[in-house]
Amino acid sequence: MSLTHILIAICTAMVLYRLLELIRSPRRPAKWAVLIGMIGLTLSLAAGLPGILPLGLAALYLVQHLLILGALIAFEAFFWLSVYPAGNPRPSLVRYFGPIIGFTVAMTIAWVVTEVVEAPDFSDVQYQDQPWATATVLAYSGGLVAAFLTMSQLAWRYSRTADKPWLRRGLATLTVGSWIALAYGVHHFAYILVLAQGYNPYHQARVELYPILAAVLLILVGLSLPAFGPGLSAVIQWIRHAQAWWTLRPLWMAFTEPMPHIRLPRPLPLWDMEGAVRRRVVEIWDGRSQVRSYMRPEVAARALEIGRERGLTEGDLAAFVDAVAWRDALDRHSRGETPDRTDVVIAPEAGDTLPASVAWLKRVARLMKRPSALPS
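In the UniProt record's numbering, the protein residues as written are 1 to 376.
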């Protein structure tokens, strides 16, 4: 499988996703523009595969490059509709779309003339002797420069005002890709001018191949991030919750093994890892409430002294005291001792939100997991 096949597969997946998105919410002109642009880009890549279009090399050149410029016009329309919403002042259509449309028309006219007058081989254009073929390539390069100059400016501007994190990241990535593509277009334009003067300073493909591949990849990623980024965030969040769930296991077992009745019934499904962490936190707090009458303030006070002797400060010191005091209470409970009092409550330093509670309990859990860290 070639790189072209991979890019076609990525573009096709994005086209299908955008299409499904528009079926659910069809009244989104900006998203229609993105869909049209992605279709044009996909078709331009597919047209270059052997046997896809029964066209000669010259006709295939025109079709591919018209599809690319048409896709860029659609992407410009996306920014025009997004950055300047309906009801707000918008820049002139002629000023906004005029350059790329002008270069597209110029490329088409130059191609028609060169076919009639020169009949060039577009895989090996003789730039010194075929001025109309040269004009065709220069017009295409000019269209790239015009499109990516506009797209990079608006993508950067939009990325600073977008309210969704993944939209901002996608636009920032798209901006970088557009800058690289802009540099490619400027270089290509200048290189063709140099060739037309009879000079060939270096191998063109060696200089342009990797930048244009990087630009295409970044642009595709930038267009994809707003759609797939939230799912990626959900996966990352699931992994974080799974890590928290596992880290809390020693502390959770310390309470649930001697008191299995505090375990809530009906385990949650695997995909609801946030709920599983919340349940584990609730069960730990419930276990603490079950044995808090076994708490001895003098043990907590001694743990505080030991912690200070060890150089512990702030949160680590509080977690150390908590671990020592509750381990002592659990030991007394497991030995069947009679609680000394029923009104002792030493409040932990945990916050009142799930992330704060998890962060606090993870500190305590690490100490409970390493008995050597606690005084005997």
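In this text, a Cβ means the ideal position worked out from N, Cα and C, and glycines have one as well.
The model shown is predicted, which means the values in this text are computed figures rather than measured ones.
Q) By how many angstroms is the C-alpha of residue 27 removed from the C-alpha of residue 186? A) In this model, residue 186 and residue 27 are separated by some 37 Å (Cα to Cα).
(Q) When you compare the CB positions of residue 30 and residue 81, do they come within less than 8 Å of one another, or not? (A) The answer is yes: Cβ separation under 8 Å.
Q | Straight-line gap, residue 292 to residue 326 (C-alpha atoms, nearest Å) | A | Taking the straight line from one Cα to the other gives about 8 Å.
Q: Please report the residue range of the alpha helix (DSSP H) in which residue 37 lies.
A: 29-47 is the span of the alpha helix (DSSP H), which, as asked, contains residue 37.
Q: Excluding the 5 residues preceding and the 5 following residue 118 in the sequence, name in chain order all residues of the same chain whose CB lies nearer than 7 Å to its CB.
A: Hits under 7 Å: 130, 132, 133.
Q: Count the other C-beta atoms from every protein chain shown that fall within 10 angstroms of the C-beta of residue 161, then say buried if there are 16 or more, exposed otherwise.
A: Burial call: exposed.
**Q.** Nearest residue (CA-CA) to residue 4, options 23, 36, 35, 48
**A.** Here the closest residue by C-alpha is 48.
Q. For the candidate residues 78, 142, 83, 77, whose alpha-carbon lies nearest to that of residue 105?
A. Of 78, 142, 83, 77, the smallest CA-CA separation from residue 105 is found for 142.
**Q.** Which of helix, strand or coil DSSP assigns to residue 64
**A.** Residue 64 falls in the helix class under three-state DSSP.
Q. Given residue 15, which residues of its chain have a CB within under 8 Å of its CB, disregarding the five upstream and five downstream residues?
A. For residue 15, where only same-chain residues beyond five positions count, the Cβ hits under 8 Å are 35, 38, 39, 42.
Q: Could you check which residue in 108, 164, 75, 123 has the C-alpha nearest to that of residue 153?
A: Residue 153 has its Cα closest to that of 75, out of 108, 164, 75, 123.
Q. Should residue 111 be labelled buried (16 or more other beta-carbon atoms within 10 Å of its own) or exposed?
A. Buried: at least 16 other Cβ atoms inside 10 Å.
Q) Rounded to whole angstroms, how far is the Cβ of residue 228 from the Cβ of residue 181, which I believe are closer than 8 Å? A) About 22 Å separates the Cβ atoms of residue 228 and residue 181, ruling out a contact at the 8 Å cut-off.
Q.
Report the CB separation of residue 67 from residue 7 in whole angstroms; it is logged as a contact under 8 Å.
A. Not a contact, Cβ separation roughly 14 Å.
Q. Taking all protein chains shown into account, do 16 or more other C-beta atoms lie within 10 angstroms of the C-beta of residue 336, making it buried, or fewer, making it exposed?
A. Residue 336 counts as exposed, since fewer than 16 other beta carbons sit within 10 angstroms of its beta carbon.
**Q.** Where the alpha helix (DSSP H) through residue 152 begins and ends
**A.** Residue range 131-159 is occupied by the alpha helix (DSSP H) that includes residue 152.
Q | Neighbourhood of residue 259 by C-beta distance below 7 Å, restricted to the same chain and skipping five residues each side | A | The answer, listed in chain order, is 287, 290.
**Q.** Unbroken alpha helix (DSSP H) run spanning residue 210, endpoints
**A.** It spans 204-247 - the alpha helix (DSSP H) in which residue 210 sits, taken as one unbroken run.
Q.
Using the Cβ count rule (16 or more neighbours within 10 Å means buried), how would you classify residue 206?
A. Exposed.
**Q.** Pair within 8 Å by beta-carbon distance, residue 174 and residue 222
**A.** Taking 8 Å as the Cβ cut-off, residue 174 and residue 222 qualify as a contacting pair.
Q) What residue range is occupied by the uninterrupted alpha helix (DSSP H) comprising residue 297? A) From DSSP, the alpha helix (DSSP H) with residue 297 extends over 297-309.
**Q.** Opening and closing residue of the alpha helix (DSSP H) in which residue 8 lies
**A.** Counting along the chain, the alpha helix (DSSP H) containing residue 8 begins and ends at 3-24.
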